[in-house]
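Using the UniProt record's numbering, the letters of the sequence shown correspond one by one to residues 1 to 124. First up is the structure itself, then whatever we jot down about it.
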Amino acid sequence: MGADMAKTKNAEQSITGLAQGDPDILETLTRMTEGTLERSGLDEKTFMLVRIAALVASDAAPVSYLANLGIAAETGLNLDQVVGTMVAVAPVVGTARITSAASNMTRAGVLGEKLREADLASAR
């Protein structure tokens, strides 16, 4: 019974860590997608716009936006292109998904800022 409780505790910590943007868990998720860009045959920017469209369509959590928008920025995508992607998929996914995506992107920004602050505090 003790081993089962330990597994449950670990699972709860993993879920909480994922929801809060734990860097180790995000790194694991990032590694899961390695090689997909090359296999897709798309250029980096198009690939990231497609991923953002998928996040919007699936009503993804803020932490998903946190991971993907960071990578998107590294490819040179800007906010206008992200908004343009949302406009393009809006007729398909509906206004509820678009407003949810905008809210979750905002939450992702707040979460990213909190993680940066925590990193700075731990570095001191």
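A virtual CB, placed ideally from N, CA and C, is assigned to each residue, including glycine.
With a threshold of 16 other beta carbon atoms within 10 Å, residue 86 meets it and is buried. Secondary structure at residue 42: coil, using DSSP grouped into helix, strand and coil. Contact between residue 47 and residue 55 is absent: CB atoms are separated by about 13 Å, not below the 8 Å threshold.
For residue 31, the enclosing alpha helix (DSSP H) begins and ends at 23–32.
In the displayed model, residue 60 falls within coil according to three-state DSSP, outside both helix and strand. Sixteen is the threshold: when 16 or more other Cβ atoms of the shown chains lie within 10 Å of the Cβ of residue 77, as they do, the residue is buried. When C-alpha distances from residue 112 are compared across 74, 63 and 27, the shortest belongs to 63. Taking a C-beta distance under 8 Å as the contact criterion, residue 82 and residue 57 do not qualify as a contact pair. Rounded to whole angstroms, the Cβ separation of residue 102 and residue 69 is 12 Å, and the two are not in contact under 8 Å.
Contact between residue 44 and residue 75 is confirmed by a C-beta separation of about 4 Å, below the 8 Å threshold. Residue 89 sits close to residue 53, with the two beta carbons spaced by under 8 Å.
Residue 39 and residue 91 have their C-alpha atoms roughly 28 Å apart.
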